[in-house]
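Presented below is the structure to which this report refers.
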Amino acid sequence: MRRTLVALFAAAALAGPATVWADEPVPPATGVETVAAAAAPWVQRLQSVGSETGAVATQLIDTALGLVGVPYRMGGSSPQAGFDCSGFVRYVYAHTLGLVLPRRAAEQAQAATPVAREELRPGDLVFFNTMRRAFSHVGVYLGDGKFVHAPSKGDRVKVSDLNERYWARRYDGARRIELPESAALANLPQAATWLAAPAGGR
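Sequence positions in the sequence shown follow mature numbering (1 follows the signal peptide of the UniProt record, and there is no 0) and run -22 to -1, 1 to 180.
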């Protein structure tokens, strides 16, 4: 797994600067770090994920990072078709845990438990207001302030930083999907479990 994570983060580092969204341009990059320099501290962090979060969360992260580079597609929900943000999150949880989340980002936020930023754990969902609408974008938190997501048209699934100006200004909070206690993924039920947003919610 360690080699896989190193290779995937190198690919993410090559993905380029932050996405330009319609409501605010992103400032031009002021410099380019080498892939090795940019990846080194993050790779070290990922190598310790297993001991900090357990096998289930580690596998969740591995699934998410395994999709880095898949093209963005509005309404997309598979590696073959491409992903939008909520379709990406839904796929990661369904294919790792057999847990089927609601389709829209706002519904995913409603269906999970709020968590303070200082209490974020790998596998939590992080939400943003990118379209002047609450909970309009979502990604999977990796740890060390990083998250993986499907940004927007013309981009690909990649790793971004919560502290980047664009994301920091639009951060809408985090939610936690309670993961199974068992450390053995083989013990998870084969049938999908549906997690629904509360009735009457936004």
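Glycine included, C-beta positions come from ideal geometry on N, C-alpha and C.
Would you mind sorting residue 96 into buried or exposed? The rule is 16 or more other CB atoms within 10 Å of its CB. The residue is exposed, with fewer than 16 neighbouring Cβ atoms inside 10 Å.
Cβ contact check for the segment 118 to 135 and the segment 93 to 110: 3 or more pairs under 8 angstroms: Touching, yes.
Confirm, please, whether the CB-CB distance from residue 62 to residue 112 is below 9 angstroms. Not closer than 9 angstroms, so no.
C-alpha distance - residue 64 paired with residue 106, whole-angstrom precision: So the alpha carbons of these two residues sit roughly 12 angstroms apart.
Could you give the DSSP three-state label for residue 40: helix, strand or coil? The DSSP-derived three-state label of residue 40 is helix.
Do residue 69 and residue 45 have their C-beta atoms within less than 9 angstroms of each other? For the 9 angstroms CB-CB criterion, residue 69 and residue 45 form a contact.
Within a Cβ cutoff of 8 angstroms, which residues of the same chain sit near residue 12, ignoring the five residues on either side of it in sequence? Reliability of the predicted coordinates at residue 12 is poor, the pLDDT of 34 falling under 50, and the value obtained from them is presented with this limitation in mind. Excluding five sequence positions before and after residue 12, none of the CB atoms of its chain fall closer than 8 angstroms to its own CB.
Leaving out five residues before and five after residue 73 in sequence, what residues of the same chain have Cβ atoms less than 8 angstroms from its Cβ? These residues qualify, in order along the chain: 41.
Among the candidates 84, 82, 83, 67, whose CA atom is the shortest distance from the CA of residue 76? With distances taken between Cα atoms, residue 76 lies closest to 67.
Distance, Cα to Cα, residue 126 vs residue 149? Approximately 14 angstroms, taken between the alpha carbons.
When you compare only the Cα positions, how much space is there between residue 155 and residue 104? Roughly 11 angstroms between the two C-alpha positions.
Give me the Cβ distance between residue 153 and residue 92, rounded to the nearest whole Å; I'm assuming they're in contact under 8 angstroms. Contact between residue 153 and residue 92 holds, with the beta-carbon distance rounding to 6 angstroms and staying under 8 angstroms.
Cα separation between residue 136 and residue 124? About 10 angstroms.
What are the start and end residues of the beta strand (DSSP E) that includes residue 51? No beta strand (DSSP E) contains residue 51, which DSSP labels as neither H nor E.
Specify, as a first and last residue, the run of the alpha helix (DSSP H) that residue 87 falls within. From DSSP, the alpha helix (DSSP H) with residue 87 extends over 83 to 89.
Contacting residues, own chain, Cβ-Cβ under 7 angstroms from residue 48 (five flanking each side not counted): The answer, listed in chain order, is 57, 60, 61, 134, 135.
Backbone secondary structure at residue 66 - three-state DSSP: DSSP, reduced to helix, strand and coil, places residue 66 within a helical segment of the structure shown.
Starting from the C-beta of residue 181, find all residues in its chain whose C-beta is less than 7 angstroms away, skip the five residues before and the five after it, and write them out in chain order. Residue 181 is absent from the structure shown; the chain starts at -22 and stops at 180.
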